[in-house]
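First up is the structure itself, then whatever we jot down about it.
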Amino acid sequence: MTTPIPLFDPMVPAFARISRVDRELPDVFTWHLAAPSGAGFSFAPGQFNMLYAFGAGEVPISISGDPNRPEELVHTIRAVGAVTRAMQGLRKGDTIGVRGPFGSAWPLAEARDQDLLFVAGGLGVAPLRPAILHALAARSLYRRVIVLAGFRSPADFIFRKELERWRSRFDVTVEVTVDRADTSFRGTVAVVPALIAEVELDPAATVALLCGPEVMMRFAVRELERRGVPHERIHVSMERSMKCGVGFCGHCQYGPTFVCKDGPVYRFDRIERLFYVREI
Ligand SMILES: Cc1cc2nc3c(=O)[nH]c(=O)nc-3n(C[C@H](O)[C@H](O)[C@H](O)COP(=O)(O)OP(=O)(O)OC[C@H]3O[C@@H](n4cnc5c(N)ncnc54)[C@H](O)[C@@H]3O)c2cc1C
Ligand code: FES
1 MTTPIPLFDP MVPAFARISR VDRELPDVFT WHLAAPSGAG FSFAPGQFNM
51 LYAFGAGEVP ISISGDPNRP EELVHTIRAV GAVTRAMQGL RKGDTIGVRG
101 PFGSAWPLAE ARDQDLLFVA GGLGVAPLRP AILHALAARS LYRRVIVLAG
151 FRSPADFIFR KELERWRSRF DVTVEVTVDR ADTSFRGTVA VVPALIAEVE
201 LDPAATVALL CGPEVMMRFA VRELERRGVP HERIHVSMER SMKCGVGFCG
251 HCQYGPTFVC KDGPVYRFDR IERLFYVREI
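Residue 201 in the UniProt record's numbering is what sits at position 201 of the sequence shown, and the numbering runs on without skipping anything.
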């Protein structure tokens, strides 16, 4: 799958209308966007857009929709600060600005005929979702497909119904865990890297795609190492604050790289040294 680049001036936002808002959690919502022109939005799983709430500001948000449905652009957003809270206040029919798609993609072409292991923490399920949907739609291209997802508590699940749907398929392994729960919860209580310790793996034929808080990814990498998965088979999605989104301003510098154009998806062995430096 090639990485689409914007056709027009990457600094000029296109308009997109909010056609549906799904409330995932009190502070997390999913936008379904339609281009007023009717033109589609091509992207590669793993890429992000710069979304502009007029009057509030612009932020990078991963695309969480289905790459096989380019007529609709989907983003899942947690309201954490000024811009994302303003976004939470927008409704169906409102218009926002979109620049993108930008950045690198999950290595789905390289992973053909391999086992695909998705490891998600919390909202990290959203940037992985397009890759999971692609793998499920093109199931014969891959060997095993394994999805491991961890949430803070049962109340923090996102895409719950979809996870259940994937889990009911005979050709996918889906394991979900929570960090903490009361005694009424019947599922697994553990941090998500603990699921890696349990799952059946063929390390030499596994491509692992990780997305979530950096601390969770650190422990997940450690567990993958323990299971014998080589670093060049591990891919992580990094987040840094951004301004231009296209490699001009240096705002998202991560060592010698810019997350907006060299990332957000990195092959782990290429950033390993940086990954363990705190506060970089
Ligand atoms: C490539 C990329 C993809 C992203 N994808 C998504 C996505 O799919 N969904 C989503 O909700 N967010 C995503 N983010 C994070 C999102 O861009 C930030 O949450 C947003 O920029 C915050 O802007 P704000 O003005 O609302 O909050 P700010 O006022 O900028 O920040 C409010 C608080 O949130 C913290 N914060 C800001 N950015 C982050 C971050 N990246 N991670 C953790 N804490 C942060 C700040 O430290 C501060 O405490 C992504 C970021 C990047 C770089
Ligand atoms: S955001 Fe400007 S260089 Fe990456």
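Yeah, the Cβ is synthetic: ideal placement off N, Cα and C, and Gly gets one too. Only a predicted model underlies this, so the values are computations on that prediction, with no experimental measurement involved.
Taking the CB atoms as reference points, tell me whether residue i and residue j lie closer together than 9 Å.
i      : j      : result
Met238 : Gly263 : yes
Glu175 : Ala149 : yes
Val28  : Arg91  : no
Gly103 : Phe15  : no
Pro10  : Ala44  : no
Ser42  : Pro60  : no
Glu214 : Pro193 : no
Val98  : His32  : no
Met216 : Val191 : yes
Leu210 : Val119 : yes
Val207 : Leu128 : no
Val178 : Arg152 : yes
Trp106 : Ala131 : yes
Asp202 : Arg112 : no
Val83  : Glu58  : yes
Val221 : Phe275 : yes
Ser64  : Thr30  : yes
Ile234 : Arg267 : yes
Ser140 : Glu72  : no
Ile158 : Leu25  : yes
Val265 : Val246 : no
Ala39  : Arg17  : no
For the alpha helix (DSSP H) containing residue i, list its first residue and its last residue.
i      : result
Met50  : Premise fails: Met50 lies in the beta strand (DSSP E), 48-53, not in any alpha helix (DSSP H).
Val259 : 259-262
Glu58  : Glu58 -> not in any alpha helix (DSSP H); beta strand (DSSP E) instead, spanning 57-62.
Leu141 : Unbroken run through Leu141: none, as it is neither H nor E.
Leu108 : First-last for Leu108: undefined, no H or E at that position.
Leu116 : First-last for Leu116: 115-121, but that is the beta strand (DSSP E), not the alpha helix (DSSP H).
Leu209 : Unbroken run through Leu209 is the beta strand (DSSP E), 206-211; no alpha helix (DSSP H).
Glu279 : Premise fails: Glu279 is in no alpha helix (DSSP H) and is neither H nor E.
Glu162 : 160-167
Tell me the residue span of the beta strand (DSSP E) that contains residue i.
i      : result
His134 : That residue, His134, is in no beta strand (DSSP E); its alpha helix (DSSP H) goes 125-137.
Ala86  : Premise fails: Ala86 lies in the alpha helix (DSSP H), 82-88, not in any beta strand (DSSP E).
Phe221 : The displayed chain sequence assigns Val, not Phe, to residue 221. Unbroken run through Val221 is the alpha helix (DSSP H), 214-226; no beta strand (DSSP E).
According to DSSP, residue i sits in a beta bridge with which residue or residues?
i           : result
Thr188      : Thr177
Ser237      : Val265
Arg20       : His32
residue 343 : Lying before the first or after the last residue shown, residue 343 is absent from the chain, which here runs from 1 to 280.
Ala14       : Val98
Gln253      : Phe258
Quick one: is the Cβ of residue i within less than 8 Å of any heavy atom of ligand 3?
i      : result
Arg144 : Among the ligands present in this structure, namely ligand 1 and ligand 2, ligand 3 is not found.
Just the residues with CB closer than 6 Å to a heavy atom of ligand 2, in chain order, which are they?
Result: Met242, Lys243, Cys244, Gly245, Gly247, Phe248, Cys249, Gly250, His251, Cys252, Phe258, Cys260.
Using a strict less-than 5 Å threshold between each residue's beta carbon and the heavy atoms of ligand 1, what residues do you get?
Cβ-based neighbours of ligand 1 within the cut-off: Phe48, Val59, Pro60, Ile61, Ser62, Ile77, Arg78, Val80, Gly81, Ala82, Val83, Thr84, Ala126, Glu239, Pro264.
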